[in-house]
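Numbering (the numbering used here), first residue to last: 327 to 403. Notes follow the structure.
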């Protein structure tokens, strides 16, 4: 089972660091109901800032309290 280290950062919130599977990461992100309406599965599979090693980042840049970012790194299994 592949694990990911990931961190969500958003204004007005403490950073949310986690180590989970990809499915668990997507579940947690959906529960947070982040602004922007971008489904987590799309972020993790379609961002131009991810690489073949399983590392990536995504920034929802809407400004103010609606801005947030996600970074992730796939751990070797």
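Glycine included, C-beta positions come from ideal geometry on N, C-alpha and C. Given the structure is predicted, the values throughout are model-derived calculations rather than measurements.
Query - Cutoff 6 Å; reference residue 333; Cβ partners in own chain excluding five residues on either side - result: 341, 343 and 397
Query - Reduced DSSP secondary structure (H/G/I, E/B, other) of residue 390 - result: helix
Query raised in the report: Closest by CA to residue 330, which one among 346, 354, 355 and 357?
Result: 346
Report task. Within 10 angstroms of the Cβ of residue 401, are there 16 or more other Cβ atoms? Answer buried if so, exposed if not. Result -> exposed
Report task. Report the residue from 389, 399 and 351 whose alpha carbon sits nearest the alpha carbon of residue 380. Result -> 399
Report task. May I ask you to report which of helix, strand or coil DSSP gives residue 334? Result -> strand
Query raised in the report: How big is the Cα-Cα spacing for residue 338 and residue 356?
Result: 19 Å
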